[in-house]
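Line order of the protein sequences matches chains F and R. In terms of the numbering used here, the first sequence opens at residue 41 and continues consecutively. In terms of the numbering used here, the second sequence opens at residue 49 and continues consecutively. We treat Cβ as the ideally placed atom computed from N, Cα and C, and that holds for glycine. Here the structure is laid out as structure tokens; the discussion comes afterwards.
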Amino acid sequence: MFEARLLKSGQLKKILEAIKELLKEATFDCSDSGIQLQAMDDAHVSLVSMCLKSTGFDKFRCDRNLSMGINLESMVKIMKCCSNDDIMTIKAQDNADTLTIMFETKNQEKMSDYEMKLMNLDQEHLGIPETNYSCIIKMPSSEFARICRDLSQFGDSLVIACTKEGVKFSTSGDIGSANVKLSQTSTFDKEEEGVTIEMTQAVCLTFACRYLNLFCKATPLSTQVILSMSGDVPLVVEYQIEELGCIRYYLAPKIEE
Amino acid sequence: NMTQRTLMSYFNKK
């Protein structure tokens, strides 16, 4: 028996918005520690790794490990039927081929339930090596989204160059070039408003704007984003979901031929 | 000209 109760269904709505354009379907691996998801986009260029801790749920019960293959488009349809502050419960029997999703309003005057068919998906899990990244940049997630959106008007690729002085985002294309440079914030009122850089070695890598913009769909989940980079390894873009867990996106760089 | 790498170049299948 698997059962998880979340006090704000809006959190799961935002999570689905953050992954549905990269992944058509995904396996949700449930265990007593929580729910995990790891899946690559069709082109195998990016990977989504999500972890929701059991302790982040109002109630969480998972008697046996369960892998649920979910069509994300179907789940988005179901999630459209609830309000953000509805309480939701997801439930499945062991070896079930359906998942039940229930919504209740806070005053319990409206209850609804939906049953969704589960799928058998070929799981292709990748082993991601522990990496000590050369540069770890923490910045407001809205600022990162803004930069990706603005600069993708000019070119398909975004160069991210991180040095002690700051981080520079650059692109160029038919109409010209664009650069945005952020310095470490010296004073800020709230931690999430600042830009901080931990660096052991300068790094400069190039990434596809299209994927970066898709990762930015996670912006509503977190006020901060963490970018981790090392020379010639995939970029990690991480959004922490308050009390519940995190979503990490990995993106392979573009390299000079 | 830039080439897009895939994740398979970096991560192994489990």
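Comparing the C-beta of residue i with each C-beta of chain R, is any distance below 8 angstroms?
i	result
F:Val85	yes
F:Ile295	yes
F:Ser210	no
F:Tyr279	no
F:Tyr173	no
F:Ala292	yes
F:Met80	yes
F:Ser89	no
Over what stretch of residues does the beta strand (DSSP E) that includes residue i continue unbroken?
i	result
F:Arg45	42 to 46
F:Gly285	285 to 291
F:Cys249	Per DSSP, F:Cys249 belongs to no beta strand (DSSP E); it is in the alpha helix (DSSP H), 249 to 255.
F:Ile168	Premise fails: F:Ile168 is in no beta strand (DSSP E) and is neither H nor E.
F:Ser49	Taken as a continuous stretch (DSSP letters only), F:Ser49 belongs to no beta strand (DSSP E), being part of the alpha helix (DSSP H) at 49 to 59.
F:Lys221	216 to 223
F:Lys99	99 to 102
R:Tyr65	Past the boundaries of the shown model lies residue 65 of chain R; chain R is included only from 49 to 62, so the question cannot be answered.
F:Asp153	151 to 157
F:Phe209	206 to 213
R:Thr51	50 to 52
F:Lys294	294 to 296
Going by DSSP, what residues sit across from residue i in a beta bridge?
i	result
F:Ala83	The partner list for F:Ala83 (beta bridge, DSSP) is empty, contrary to what the question assumes.
F:Gly195	Note: F:Gly195 sits in no beta bridge, so no partner.
F:Phe68	F:Met108
F:Pro180	F:Gln264
F:Val235	F:Val235 pairs with nothing; no bridge assigned.
F:Gln78	F:Ser89
F:Lys273	Going by the sequence as given, residue 273 of chain F is Val instead of Lys. According to DSSP, F:Val273 bridges with nothing at all.
F:Cys244	F:Ala201
F:Phe143	F:Met128, F:Ser152
F:Glu278	F:Ile266, F:Arg288
Just to make sure I have the definition right: I need the residues of chain R whose C-beta is within less than 8 angstroms of the C-beta of residue i. Which are they?
i	result
F:Thr246	Met50
F:Ile168	Phe59
Less than 8 angstroms between the beta carbons of residue i and residue j, yes or no?
i	j	result
F:Tyr154	F:Cys121	yes
F:Leu198	F:Phe143	no
F:Ala258	F:Tyr279	yes
F:Leu112	F:Glu149	no
F:Ser89	F:Arg250	no
F:Ile295	R:Thr51	yes
F:Thr138	F:Lys117	no
F:Ser71	F:Cys102	yes
F:Ile130	F:Leu47	no
F:Cys188	F:Cys256	yes
F:Met239	F:Cys175	yes
F:Ile168	R:Phe59	yes
F:Asp125	F:Gly50	yes
R:Leu55	F:Met119	no
State the start and end residues of the unbroken alpha helix (DSSP H) segment that holds residue i.
i	result
F:Val116	112 to 119
Name the chain R residues that come within less than 7 angstroms of residue i, Cβ to Cβ?
i	result
F:Val273	Tyr58
F:Glu164	Lys61
F:Ser197	Met50
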